[in-house]
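There are 2 protein chains.
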Amino acid sequence: MDSMWKKILVGVAVGAAVLTVGILLGHYGIEKGGTEHAPTWLKALAQDVDEEVLDIFLKELDPKRMEDNLRELSLKPHMATSAGDQRLVQLMLQRWRDAETGLDEAWTQTYSVFLSFPNKTNPNSVAVVSAQGSVQFKSHVQEKVYTEDQKDPDIVTPFAAFAPAGNPKGKLVYANQGTLKDYEFLNSSGVDLHGAIAITRYGGSSRADKALNGAVFGVAGVLVYTDPFDINDGKTSDTNETYPHSWYLPPSGVERGSYKNSFGDLLTPYYPSKEHTYRRPESEVEWMAPVPTQPIGFEDAQKLICELQGAVAPDAWQGALQCEYRLGPGFRATGSFNGSDVQVNVYNRRGIHDSDNVMGLIRGSVEPDRYVIYGNHRDSWVHGALDPSSGTAVMLEISRVMGSLVKQGRWRPRRSVLFGSWGAEEFGLIGSTEFTEEHYSQLRDRAVAYINVDISVFASATLRAMGSPSAQSVVFTAAKQVPAPGTLSLSVYDNWKLFTNRTSPTHGVVPSMGYLSGVGSDYASFMHYLGITSMDIAYTYDKTKTRARIYPAYHTAYDTFDYVKKYIDPGFMSHQAVARTAGGVLLRLADSLILPLNASDYAESLESYLDTALKNFTDNLNAHQISLAGLQGAVLRFRAAATQLEKEIREIDPDKESPLKVRRINDQLMLLERAFLDPLAFPDKYYLWHVLWAPVSSSVRSFPGLAEAVEKAQRTQREEDWRWAHRQLTSVTTAIERAVNVLENALHP
Amino acid sequence: MDSMWKKILVGVAVGAAVLTVGILLGHYGIEKGGTEHAPTWLKALAQDVDEEVLDIFLKELDPKRMEDNLRELSLKPHMATSAGDQRLVQLMLQRWRDAETGLDEAWTQTYSVFLSFPNKTNPNSVAVVSAQGSVQFKSHVQEKVYTEDQKDPDIVTPFAAFAPAGNPKGKLVYANQGTLKDYEFLNSSGVDLHGAIAITRYGGSSRADKALNGAVFGVAGVLVYTDPFDINDGKTSDTNETYPHSWYLPPSGVERGSYKNSFGDLLTPYYPSKEHTYRRPESEVEWMAPVPTQPIGFEDAQKLICELQGAVAPDAWQGALQCEYRLGPGFRATGSFNGSDVQVNVYNRRGIHDSDNVMGLIRGSVEPDRYVIYGNHRDSWVHGALDPSSGTAVMLEISRVMGSLVKQGRWRPRRSVLFGSWGAEEFGLIGSTEFTEEHYSQLRDRAVAYINVDISVFASATLRAMGSPSAQSVVFTAAKQVPAPGTLSLSVYDNWKLFTNRTSPTHGVVPSMGYLSGVGSDYASFMHYLGITSMDIAYTYDKTKTRARIYPAYHTAYDTFDYVKKYIDPGFMSHQAVARTAGGVLLRLADSLILPLNASDYAESLESYLDTALKNFTDNLNAHQISLAGLQGAVLRFRAAATQLEKEIREIDPDKESPLKVRRINDQLMLLERAFLDPLAFPDKYYLWHVLWAPVSSSVRSFPGLAEAVEKAQRTQREEDWRWAHRQLTSVTTAIERAVNVLENALHP
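Protein chains in written order, with our numbering: chain A, 1 to 749; chain B, 1001 to 1749.
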């Protein structure tokens, strides 16, 4: 070979190799950040949940810290707007502003809201007064002291919030649970209710209804007590049976509560209660207890009920007080109260008070304008160790671990995470409702989901979750990842399935996640008014082991740290399980590339509602020329659209697809729930805009507006009531069709 | 130099050069498509309006083609649901499905809606009937034929749609414009209205109000005519003055119209009129003309009015008929109608009919889930050359040019462009309203803006535009780019400014763009019910040159191609100017990287409303302990948030920023308008959810709910009316605060 050729060849070979190296260097070796072809944000856009970060997060959720949180949170009574509440406002701010474990931002939002408190210098009571005017008996003004914490001077004396002041006096009658049926029974049994004082027991109806229903029959005052049958599995003695010997309610324990049937600030429905806000006159407020009403302990109730004369109450009305319950009116002639009346002395005062929400934010890295919201109220009735501080203890631990990861630069959520410590929940979900009113547009446009953890641990047996069907899958995923406390190797999910389950046509046997068809905690305005996919998560008891309506110290002075530590969750492992489950849901919602919301699970719920409607209503509706075919068609189309969207999600390649396609799909998943809002569906109710989960009187588990309307029309057989049923059918059908539109990309029908 | 060193150095130099070439090749030369670093969509994400494409688009909009469109569209009468309407449904579909100039998709949407038609075999009429029962005069059953097109057997005989059938007979009275004040004046003047037939002229009140107001005073039937003073600048003779000699209305011309005060299908408010939809009974429908009502020509009106007896009508009531107008009741004794009554014979029939919308779509390339909507109704009363076919002619030309660019692969909009050819607008915006009801959620989430071009050319003097303040800047931008017909070198914008202008605190002298505080065309449900930024664009006349309320052939049989070609826009250059202006707005909204919607212009409007409110209402409100401070604060915060958002927009570098940031800003701009919706602001009206533009009775140009409420309270001085004013103030303040939230990135207040 000629040397020149050789040189040339070698030169070309070397050159080619060098060129190749250059090409490779140029293509892969130079940092792409800042060049026009590969901006720095590119990789972040396609980032999914980092399971390693999630593991770290779950591991760091510390039961000991939650115990410490709870001790501090429940140190003092912290009823809404009290000094104790203000102390906790500062505590939340301090935690969320901590330099090492805090969030990006924390702030308060203050609303001036309509509340009701007893008179400190003139506490409410109930008296038996003889015909001559002498007081023969007076109820306890406060609960019996067993432990140091109950000596706190800030413990509010028992009262029925929003019940009017007054001193009505009359013959006592026993009205069972104070339902309309109960009063009707008394009335039809010849018991004169006019001017009477009705004693009722908790359960079976809302607090306010016990008074509202009684007032229909002319009842002048109402007493409410907790029957040991309903709460204590019959136990009544504080010498060895009730707290401090067990979790059961002592005889003097009194459940406080809000005696009104609507949530949010009563004077400013739909508008945030700010300085400029119009306040309607109290006379226009609906659904508050209309007559003086007072809750008492079962010790006092027994003194009254066991002296009643009159017919023996029906079996179902009997409770666990140690006597045969009679209806009244008035006391038996052979007893010491013969001829006496009962007087209810209520000195409550209504007024406007400033209540704070405390908010904390971690800004999202990729989609700061998408919010995953986690909330819990802060106000209690007394020490509120379980209600709500068990939830706040969990929230503070979740926010601490997340905050630490952020402060250390180890993690930042894709979407913004917003924490809310709501004020004045006990008076009717006021803080959260005012927040949703003020931020309606922003939340309507940007909120991905709302996770509510109020009382985090009712008891330590099993998870209990309620929520929108589209949230079921992420709750299941999170619950599968958490070991269940008190089991050898079960996950929270598997343990939950042991306690309560159902057979899903798609998934087989799964835990029963309930619907949010109530307004029992701060999820209400998020779900019903804003159509934000919501969840409510807690640990609870084994219903086969107790008849207790709820944990027995609920809303009493015995809901203390000591009570929780001794009888509810001594090792705080259930707190940890809730923190891990709810925290896992939160992190997945915040970080998943494609939102873990499931439209097919929504389809399954709609199909179940539809089946029930077809079975229960078809004949009656057809007889009035109303067809369910439109509804059937809508549900079918919903299923098809959900299937199609999920196919699209499966086929997506985040590295290749435009981030706007991912965003579009996420918007569809986020906004699906909004499509079910119809402000006109329930024109007589406030905030109940969600046509699928509105709480109604019907017990048929189907489309609520339709079910309630058909039941009414069946009862009355009035043409206008059938028309209303048809209108309800149109409302829900239209909403489902709109939801189909949200799931679909096309405008094409 | 040693030759080895030389070789090495040369080798290194060559190698370095080759390496450099390689690096450059690798970095820039290799197509990035499909690699992990630079996906194909990257460039498209940052693409802004292509001004070259826009130029081509504007140039191709062809006046000759619009003329051809109009000839074809107005060939036959095409009243809603008629054969002529169906012919145009097919025409639209055929155009939008054309292989070379069509859109991506076209389809129809059918709604079964409540309409009203005259009886073909028994046309309506008005008669003068003597006391003996002989008919002394009968009104024309149809308009006089001057040209071939008016011989069409499908021309609907004049009628007042939705007025009930009936044959009331009574003394004639002249009630001017039929306002409540007019009837009150007659009543207080001692004119007995009970059982009377009122003749009223068009203008001053809605059509239905002329009958609704009369019915309040017991009027039994209503006639409506067009006074030549109001429409013809006094001209009355068809021998040389009116059409076919000019654009003026011939003596027998009759304005048809819908006689009801609410839009959308009357039987299904808020729900799309589909098969399954609940229809309320007719008896529940509000605001339809309650007594038989018939429109007549001024030739017939003159015969009646000039025979009236009674007091001379006030000066302002006099018109251009050749006599002195008197009030009645009844005819003068010296005339041939002495002692006679007038009988209104109405045989209208109401019923449910299928009406189609035709929809056409161009899918967006980057953001297919964002819709820019352009619409125009299709149905007319008769040939409807101007109303609405002049608009349809423009829409078809815009869609043709866009469709061609798409089919040729030269262009595809960033966002989806949706065209709507609405049905049954003349009966109350029914097609567009049903569309917004059906697609409420999708449009709420995804619609960027709605452009309405109904009658595109009223006359050829100047542009006239109304719209949301945030649309002002894009309308201005588009109008600056179009030469004004009939001028030497003025733009449409400059020409417009000559005719109507105002001084903006920010921009100086600008054309006056009106607000959409009416419900006169299909923008109503988009703007008022859905809160979609909307515009209404047309060419119109020089108001200094004519008193005509509207073009004189409006809603008559003379609104024909011949009329347009001869007297409105002979060269179709005004059609072209509208097509270019509205088309430019459409293309900019579809293609701009950052939506050309302007929050600061919105701030200016709010500030102007606020100034007026402060001037007009402060004293009266303060006297009732109502402060405007909250509203003032909200408007201040709105201005600050708008300024801040615009700063952010100015600073954005689309090549460097994440496309999700661009999307976030666009969502803020898109959703701003939605924040002003409050379904509770006007509880007695349908669809009027927008708290800023709702049409109300007040003439004060301020926040409409507040203005109306304060005026009422000032009148009545009732405490409850002042409370309502306060509630209205809260509604608008809350809406503005929510709008601030939409403009802000933070949840932080």
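All residues carry an ideal CB built from backbone N, CA and C; glycine is no exception. For clarity, every value in this text was computed on a predicted model and none was experimentally measured.
**Message:** With H, G and I counted as helix, E and B as strand and the rest as coil, what does DSSP make of H1528 of chain B?
**Reply:** helix
So if DSSP puts Q1343 of chain B in a beta bridge, which residue, or which two residues, is it bridged to? B:A1127, B:K1169
Looking at the ligand MN, does it come within less than 7 Å of E367 of chain A, judged from the CB to the closest heavy atom?
The ligand MN is not part of the structure shown, which contains no ligands of any sort.
Point to revise | Residues that H1690 of chain B bridges to, as DSSP identifies them | key: B:L1677
- Between the Cα of G335 of chain A and those of A:S390, A:F137, A:L530, spot the shortest distance and give me the residue it belongs to. A:F137
Closest by CA to H1194 of chain B, which one among B:A1289, B:V1216, B:R1207, B:Y1202?
B:V1216
task = Return no unless some Cβ of chain B is closer than 8 Å to the Cβ of S658 of chain A.
result = yes
Task: Distance between T612 of chain A and E744 of chain A (C-alpha atoms, nearest Å) - done: 26 Å
Checklist line | Residue(s) in a DSSP beta bridge with H245 of chain A | finding: BP columns for H245 of chain A are empty, so no partner.
Nearest to A590 of chain A (by Cα), restricted to the options A:S116, A:P388, A:A447
A:A447
Next item on the list: Please specify which runs of the alpha helix (DSSP H), each continuous and at least 4 residues long, are wholly inside the stretch 37-100 of chain A, giving them in chain order.
Entry: 41-45, 51-60, 63-73, 83-96
inquiry  = So with CB distances below 7 Å, who are the chain A contacts of Y1270 of chain B?
reply    = L680
Per-residue burial, T1560 of chain B [other beta carbons within 10 Å of its own, 16 or more giving buried] | buried
Review point. Can the beta-carbon of P659 of chain A be found closer than 8 Å to that of P1659 of chain B?
Key: yes
Neighbour list for T733 of chain A in chain B, Cβ cutoff strictly below 7 Å
H1276
Worksheet item: If you pair each beta-carbon of the stretch 475-488 of chain A with each one of the stretch 569-589 of chain A, do three or more pairs fall below 8 Å?
Response: yes
Does A211 of chain A pass the burial test, meaning 16 or more other C-beta atoms within 10 Å, or should it be called exposed?
buried
Checklist entry - What number of angstroms, rounded off, separates the C-alpha of Q1309 of chain B from the C-alpha of G1508 of chain B? => result 55 Å
**Request:** Using a Cβ-Cβ cut-off of less than 8 Å, list which residues of the stretch 1365-1380 of chain B approach chain A; keep chain order.
**Result:** V1366, E1367, P1368, D1369, Y1371
Rounded to the nearest angstrom, what separates Y259 of chain A and P292 of chain A at their Cα positions? 11 Å
key: Straight-line gap, V1191 of chain B to F1458 of chain B (C-alpha atoms, nearest Å)   = 39 Å
Note down, one range per segment and in chain order, each alpha helix (DSSP H) of at least 4 residues found wholly within the stretch 459-491 of chain A. 472-480
Taking only beta carbons into account, state which residues of the stretch 441-464 of chain A come closer than 7 Å to chain B, listed in chain order.
S441, Q442, D445
Does any CB atom of chain B fall closer than 8 Å to the CB of E438 of chain A? yes
Figure out for me which residue from A:F185, A:D227, A:R280 has the closest Cα to the Cα of H1726 of chain B. A:R280
Taking all protein chains shown into account, do 16 or more other C-beta atoms lie within 10 angstroms of the C-beta of Q1177 of chain B, making it buried, or fewer, making it exposed? buried
Measure the beta-carbon distance from V519 of chain A to L631 of chain A and round it to whole angstroms, keeping in mind my assumption that it falls under 8 Å.
-> Contact flag wrong, Cβ pair sits at about 25 Å.
Per-residue DSSP class, three states only, for M1670 of chain B: helix
- Endpoints, beta strand (DSSP E) assigned at Q294 of chain A: 293-296
Count the other CB atoms, across all protein chains shown, that sit within 10 Å of the CB of T239 of chain A; report buried if there are 16 or more and exposed otherwise. exposed
task: Starting from the beta carbon of P39 of chain A, find every residue of chain B whose beta carbon is closer than 7 Å, and list them in chain order.
output: K1656
Note to self: Check for me: the beta strand (DSSP E) holding D536 of chain A runs from which residue to which?
What the structure shows: 534-540
Chain-ordered chain A contacts of N1741 of chain B [CB-CB under 7 Å] | H439, S441, Q442
Checklist entry - What are the start and end residues of the beta strand (DSSP E) that includes W422 of chain A? => result 415-422
Handout entry: Where the stretch 1624-1636 of chain B meets chain A: residues whose CB sits under 9 Å from a CB there
Key = I1626, S1627, L1628, A1629, G1630, L1631, G1633, A1634
- Can you tell me whether R349 of chain A is buried or exposed, with buried defined as 16 or more other CB within 10 angstroms of its CB? exposed
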